[in-house]
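A short worksheet on the structure shown next.
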Amino acid sequence: MGRARVVDDPAEKARRWKPEWEAFYADRDSSYILIEVLRPDRLEVVSEKHGLTGDPVTWTPDGVVIRSR
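Just add 59 to the spot in the sequence shown (first one is 1) and you have the numbering used here.
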């Protein structure tokens, strides 16, 4: 959670691209969106492998509030 923006610059998108993502984006030009996080406020994590499954009643994920700088 926080403030972010969609990056529309094709050169920047190409620079950040990773070949291992090809399986998830059938059409790289139209389905791949790059988002720049400008100011994170909260990080939420769900990982069964690491026992981070959140609250079973509210479904609220485990998270960390990031203090503003």
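Virtual Cβ for every residue (Gly too), placed ideally from N, Cα, C.
Compare the Cα-Cα distances from R126 to each of T117, A63, H109 and D100 and report the closest residue.
Taking the sequence shown and counting its residues from 1, one reaches residue 126 at position 67. Minimum Cα distance to R126 is reached at D100.
If we ignore side chains and look at the alpha-carbon of each, how far apart do V124 and W76 end up?
Translated into positions along the sequence shown, residue 124 becomes position 65. Translated into positions along the sequence shown, residue 76 becomes position 17. Just so you know, the alpha carbons of V124 and W76 end up roughly 29 angstroms apart.
Would you grab the beta carbon distance between I94 and A63 for me? Rounded to a whole angstrom, and I think it's under 8 angstroms.
Within the sequence shown, the letter at position 35 stands for residue 94. Within the sequence shown, the letter at position 4 stands for residue 63. The beta carbons of I94 and A63 sit about 5 angstroms from each other, so the pair counts as a contact at 8 angstroms.
Roughly how many angstroms separate the alpha carbons of V65 and L97, rounded to a whole number?
In the sequence shown, counting from the first residue as 1, residue 65 sits at position 6. In the sequence shown, counting from the first residue as 1, residue 97 sits at position 38. When rounded, the distance between both Cα atoms is 10 angstroms.
Along the chain, where does the beta strand (DSSP E) containing R20 start, and where does it finish?
What the structure shows of the chain is the stretch from 60 to 128, and residue 20 is not part of that stretch, so it cannot be assessed.
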